[in-house]
Amino acid sequence: MNNKTTISILFIFWATVTVGQTKSAWGLKTVSDKKTFLNMVKIDSTLEMVELKTLVPDLVYDLRYAGKNNFTGQRLYPKNTQKTYMRLLPAKALAMVANELRQRGFAIKVWDAYRPYHVTVRFWNLIHDERYVAKPSNGSGHNRGISIDLSLVDAMTGKEIAMPTGFDNFSDTAHHGSTTPAAAKIRNRDMLRATMEKFGFNSLQTEWWHYSWPNPGKYEVLDLGFKQLEAIREQ
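Heads up: the sequence shown begins at 13 in this note's numbering, then just goes up one per residue.
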């Protein structure tokens, strides 16, 4: 591929993304229509959003924001949301994580992965604290389809494995490196971290359950609804 061809491809990609973006009230450009998203994926297939159970059928979903059992006490996703998504590369990496953990007798429980941008705005309006939620002017890894909140369950019984805290616990005990939890909980936390990092994920120091794929700048902030993503997947 010569330089002229490369420049042409990059210009087409830039034009496609720019035209299809919507600027939020916070000044952040987001992608919220199906056509723009599909054009982006056509240019770069790694931008595809993958429903996680298509690659990891034994995932356990406990999508907390589809109900009220979360730190906001409010339902933030549609009531019947039963699927979640990540971009192609982190989804494939998660499948490798799951395979290794499966050999140790564990399965992955997912609390959250893709989060539409408008939900992040709702988070901010409720909490207004960057320690716990992303500021809408920046967006989050969840909005980009590259972050996941997860834990482990026993593959045979489905019982959740002991971890330092529950989900969305914002105490110091939830931090990686905290020595407050019992030794078994620390071992489980560290095993999960070592496995996730082995396959390319980055941990978040303050939340043992949160992991992100690197290079967030590659991924546009999405505000596609779950029904839109399901329609795209069925095409």
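Beta carbons are placed, not taken as given, at the ideal position from N, Cα and C, and that holds for glycine.
Note that this is a predicted model, so its numbers are computed, not measured.
Proximity winner among the options, relative to residue i (alpha-carbon distances)
i       : options                            : result
Thr-58  : Lys-65, Gly-85, Arg-99             : Arg-99
Leu-236 : Glu-60, Ala-37, Trp-38             : Glu-60
Ser-152 : Pro-69, Leu-241, Ala-243, Leu-234  : Leu-234
Thr-93  : Phe-83, Gly-79, Leu-106            : Gly-79
Ala-174 : Asn-155, Ile-198, Ser-159, Val-72  : Ile-198
Tyr-73  : Asn-200, Gly-229, Asp-124          : Asp-124
Val-131 : Ile-158, Lys-147, Ala-194, Thr-34  : Lys-147
Asp-45  : Phe-213, Gln-240, Glu-246          : Gln-240
Ile-158 : Thr-48, Ile-139, Pro-228, Pro-193  : Pro-228
Gly-212 : Thr-48, Lys-91, Gln-115, Leu-101   : Leu-101
Ile-244 : Lys-54, Lys-35, Thr-218            : Lys-54
Asp-85  : Glu-209, Glu-246, Leu-138, Gln-247 : The sequence shown places Gly at residue 85, not Asp. The shortest C-alpha separation from Gly-85 is found at Leu-138.
CB-CB length for residue i against residue j, believed under 8 Å
i       : j       : result
Lys-104 : Leu-67  : 7 Å
Tyr-167 : Phe-135 : It should be noted that the sequence gives Ala, not Tyr, for residue 167. At roughly 32 Å, the Cβ-Cβ gap does not stay under 8 Å, so Ala-167 and Phe-135 are not in contact.
Ser-215 : Arg-205 : 5 Å
Tyr-129 : Thr-48  : No, Tyr-129 and Thr-48 are not in contact; Cβ-Cβ is about 14 Å, not under 8 Å.
Tyr-97  : Val-145 : At roughly 20 Å, the Cβ-Cβ gap does not stay under 8 Å, so Tyr-97 and Val-145 are not in contact.
Phe-182 : Arg-143 : 7 Å
Leu-164 : Leu-106 : So it is not a contact: roughly 13 Å between Cβ atoms.
Identity of the residues DSSP links to residue i by a beta bridge
i       : result
Asp-161 : Asp-124, His-222
Tyr-89  : Paired residue(s): none; Tyr-89 is not in a bridge.
Glu-63  : Tyr-97
Glu-172 : Val-165
Local conformation of residue i per DSSP, three classes
i       : result
Asn-214 : strand
Ala-195 : helix
Glu-242 : helix
Val-72  : strand
Lys-35  : strand
Trp-26  : Residue placement at Trp-26 is poorly supported in this model, since its pLDDT is 48, which falls under 50; the coordinates still yield a value, given next. Trp-26 falls in the helix class under three-state DSSP.
Val-131 : helix
Phe-118 : strand
Lys-41  : strand
Leu-236 : coil
Ser-148 : Note that residue 148 is Pro in the sequence shown, not Ser. Three-state DSSP puts Pro-148 in coil, outside helix and strand.
Lys-80  : coil
8 Å Cβ cutoff met for residue i and residue j
i       : j       : result
Thr-207 : Leu-113 : yes
Arg-201 : Trp-225 : no
Leu-71  : Val-122 : yes
Asn-82  : Asp-180 : yes
Ile-160 : Tyr-231 : no
Leu-50  : Ser-149 : no
Ala-194 : Thr-218 : no
Phe-238 : Tyr-77  : no
Leu-75  : Ile-120 : no
Distance cut-off 7 Å: residue i Cβ against heavy atoms of the ligand ADP
i      : result
Arg-76 : As far as ligands go, the structure on display features none, and thus does not contain the ligand ADP.
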